[in-house]
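Numbering (mature numbering (1 follows the signal peptide of the UniProt record, and there is no 0)), first residue to last: -44 to -1, 1 to 126.
Printed below as a string of structure tokens:
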């Protein structure tokens, strides 16, 4: 009788271990599946197309009538004529992300924070050609404290011109 009880309890233990083994096998299978799908999910968020500033309106149209930025209260070179080239991604929502200062001339003014802040507050609407709301990586030059004379402004902004950026420059 004791042997029979012992054998039935070991049968019960074996039966209880079957669901545990199945659960462990399923969990391992799910982990393998998740690891296999991870690259596919990463590809779903594909790299944005790199678009030069002159071509940006072909994809996204700036809708801000004016843009506010977080200007520093004090700092070095706040009243110096400056230009800043800032890169960003226009997301499918029309908002900017991945904002980065690429160049500021003259080097060193604390207006860099203002330029980055302005770029982070830009809002866009997709152009007629961009019904899919495709993300793009682009850049703009912000004039800061430049004179009113168009010729003088143009001359002061030339050093900030960037011929080409790559996605790796973000």
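Using N, Cα and C, we set each Cβ at its ideal position, and we do this for glycine too.
Computed from a predicted model, the values in this text were never measured in an experiment.
Counted within 10 angstroms of its Cβ, other Cβ atoms place residue i as buried (16 or more) or exposed
| i | result |
| --- | --- |
| residue 38 | buried |
| residue 85 | exposed |
| residue 21 | exposed |
| residue 71 | buried |
| residue 49 | exposed |
| residue 53 | exposed |
| residue 110 | exposed |
| residue 117 | exposed |
| residue 98 | buried |
| residue 8 | exposed |
| residue 41 | buried |
| residue 93 | buried |
| residue 123 | exposed |
| residue 128 | Limits of the chain in this structure are -44 at one end and 126 at the other, which puts residue 128 out of reach. |
Residues near residue i in its chain [Cβ-Cβ closer than 6 Å; skip 5 each side]
| i | result |
| --- | --- |
| residue 100 | 38 and 67 |
Beta-carbon proximity of residue i to residue j, cut-off 8 Å
| i | j | result |
| --- | --- | --- |
| residue 45 | residue 16 | no |
| residue 76 | residue 58 | no |
| residue 6 | residue 121 | yes |
| residue 11 | residue 73 | no |
| residue 4 | residue 36 | no |
| residue 106 | residue 61 | no |
| residue 126 | residue 32 | no |
Cβ-based neighbour list, residue i, same chain, cut-off 7 Å, excluding 5 preceding and 5 following
| i | result |
| --- | --- |
| residue 24 | 77 |
| residue 83 | 13, 14, 15, 16 and 17 |
| residue 91 | 4, 45, 46, 47 and 48 |
| residue -44 | Because residue -44 sits at a pLDDT of 49, beneath the cut-off of 50, its placement in the model cannot be relied upon, and the following sentence gives the value as read from the coordinates. Once the five neighbours on either side are set aside, residue -44 has no close Cβ partner at all. |
| residue 112 | 37, 39 and 102 |
Beta-ladder partner(s) of residue i, from DSSP
| i | result |
| --- | --- |
| residue 128 | Outside the displayed range of the chain (-44 to 126) lies residue 128, so it cannot be described from this structure. |
| residue 17 | 81 |
| residue 6 | 93 |
| residue 53 | 45 |
| residue 61 | 39 |
Chain C contact for residue i (CB, 8 Å cutoff)
| i | result |
| --- | --- |
| residue 32 | Reference to chain C is not applicable here, since this structure consists of a single protein chain. |
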